Amino acid sequence: MLTGTKLKSLRPRAKLYRVADERGLCIEVHPSGARYWRQRYTIGGKDKMLSLGVYPDVSLVQARERRDEARKLIANGIDPSAERKATKDAAALTFEAIAREWLDRQDLAPATAKKHRWLLERHVLPTLGAMPIRAITAADVLAMLQALEGRGLLETAGRARSQVSCVFRHAVATLRAQGDPPVALRGAIKSPKVRHHAAVT
């Protein structure tokens with residue numbers, strides 16, 4: 001069983017080695033001196049190893065907590081490695097992840113990119129950011145636009161609709177969405193009034 005003192009005393013060797021804690025948890029010491037937490041487990045008749053972080057960034061107490069969380073998944077027949085990958089994949093498919101990817105790929109002047117990012121972070125992401133892009137409907141986008149409209153931000157609402165549409169088109173092109181919900185919302189919100197200035201004579 002590992003202790004804080006024992007962990008600090010571990011020194012690198014010519015070859016990688018592991019020191020066991022309990023219930024499958026161990027510390028893996030590399031020749032470089034780097035130390036990684038690992039969790040041995042068996043699921044579906046197969047022996048596997050789960051990475052739990054780097055020591056000392058992840059303490060002994062935290063590593064044991066992560067081990068216990070993994071063991072709960074295993075007890076329910078869930079492979080913690082597969083669950084982690086599924087969570088990571090799902091995060092990559094959120095509106096925010098795809099929107100930032102789209103913005104990073106635009107060849108924009110710094111000032112223009114800054115305006116796009118401000119609009120995205122200030123008015124779009126708080127509502128749509130955490131949602132899986134495939135789950136977003138025209139009704140979700142409309143609710144966001146109507147909230148802006150209700151605050152009198154008609155021009156902002158129009159720009160937000162256009163920006164969300166661009167993100168969806170990027171998602172469709174990269175096979176992560178099947179349509180562009182904002183397209184159906186053209187004309188769904190009021191257009192800002194155009195002010196005509198008197199001619200100078």
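For the sequence shown, the residue numbers in full-length UniProt numbering are 1 to 201.
Even glycine gets a Cβ: it sits at the ideal position worked out from N, Cα and C.
Being a predicted model, the structure only gives us computed values, none of them experimental.
Under three-state DSSP, which class holds residue i?
| i | result |
| --- | --- |
| threonine 156 | helix |
| isoleucine 98 | helix |
| isoleucine 189 | coil |
| valine 167 | helix |
| proline 132 | strand |
| arginine 35 | strand |
| leucine 7 | helix |
| arginine 105 | coil |
| alanine 14 | coil |
| threonine 127 | helix |
| histidine 196 | The pLDDT assigned to histidine 196 is 45, lower than 50, so where the model puts this residue is not dependable; a value taken from the coordinates is nonetheless given after this. Coil. |
| aspartate 68 | helix |
| leucine 73 | helix |
| arginine 176 | coil |
Taking the DSSP output, what are the residues bridged to residue i?
| i | result |
| --- | --- |
| arginine 40 | Met49 |
| valine 58 | Beta-bridge pairing links valine 58 to no other residue. |
So, are the CB atoms of residue i and residue j less than 8 angstroms apart?
| i | j | result |
| --- | --- | --- |
| arginine 66 | glycine 77 | no |
| tryptophan 37 | tyrosine 17 | no |
| leucine 120 | alanine 99 | yes |
| histidine 30 | tryptophan 102 | no |
| proline 25 | valine 19 | It should be noted that the sequence gives leucine, not proline, for residue 25. Cβ atoms of leucine 25 and valine 19: not closer than 8 angstroms. |
Residue i and residue j look like a contact to me (Cβ under 8 angstroms); what is the Cβ gap, rounded to whole Å?
| i | j | result |
| --- | --- | --- |
| arginine 161 | proline 182 | 5 angstroms |
| alanine 147 | alanine 184 | Not confirmed; about 18 angstroms, so no contact. |
| arginine 176 | leucine 125 | About 17 angstroms separates the two Cβ atoms, so there is no contact after all. |
| leucine 50 | alanine 70 | 6 angstroms |
| glycine 127 | methionine 144 | According to the sequence shown, residue 127 is threonine rather than glycine. Correct: roughly 4 angstroms between the Cβ atoms. |
Counting along the chain, where does the alpha helix (DSSP H) carrying residue i start and finish?
| i | result |
| --- | --- |
| valine 19 | From DSSP, valine 19 is part of no alpha helix (DSSP H) but of the beta strand (DSSP E) over 17–20. |
| glutamine 146 | 138–150 |
| aspartate 89 | 80–92 |
| histidine 116 | 110–119 |
Assuming residue i is part of the beta strand (DSSP E), what are its boundary residues?
| i | result |
| --- | --- |
| isoleucine 27 | 25–29 |
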